[in-house]
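Worksheet: one structure, shown below.
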Amino acid sequence: MADLIFQILNYLALVVLIITIGCKISPRCLYYTKVTTIYIGLLYMGIVLSFYGLFHKSYQTSRMAKTLLDPIGKLLNINYRVEGKELIDNNKAYIVIANHQHALDIVSLMQVKILNL
């Protein structure tokens, strides 16, 4: 059993090595690796939230979605910062809008942080 686990880990390490070398050489490989990472993260989030949302309120589910998507955004180095504390009223709710041209919009919106609040 241990031999099978080590063999699987060796194959996994080989795949990661090939992808790493491919991403250094080809921008196309880098693009498709990042897109695959996004879709795997969205699939993972969808499966977990499907069960989590059955037993929790919607605002708790939204917070859980952010918690699940934060590592994907950090892995892909996505950072947005909203500056201008004087323009934001803490007593009002705000809506951040994306054009949904790509699946990256969902991950990007979860990375928005408001500074100096």
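Quick note, the sequence shown lines up with residues 25 to 141 if you use my numbering. Glycine is no exception: its CB is placed at the ideal position from the N, C-alpha and C atoms. Keep in mind the model is a prediction, meaning the values are calculated, not measured.
Checklist entry - Do you know offhand how far F30's Cα is from I43's? => result 20 Å
Item to check | Residue environment, S132, which counts as buried when at least 16 other CB atoms sit within 10 Å | outcome: buried
Item to check | Classification of M134 by the beta-carbon crowding that lies within 10 angstroms, buried from 16 upward | outcome: buried
Item to check | Inter-residue Cα distance where the pair is N34 and I121 | outcome: 44 Å
Next on the checklist: Considering only DSSP beta bridges, list what Y104 is partnered with.
Outcome noted: V136
Checklist entry - For the stretch 55-65 against the stretch 93-110, are there 3 or more C-beta pairs whose distance is under 8 Å? => result yes
Checklist entry - Buried or exposed: where does M25 fall if 16 or more other Cβ atoms within 10 Å of its Cβ makes it buried? => result exposed
Next on the checklist: One question on the structure: do L67 and T85 come within less than 8 Å of each other, judged by their Cβ atoms?
Outcome noted: no
Checklist entry - Between the C-alpha atoms of C53 and C47, what's the straight-line distance to the nearest angstrom? => result 5 Å
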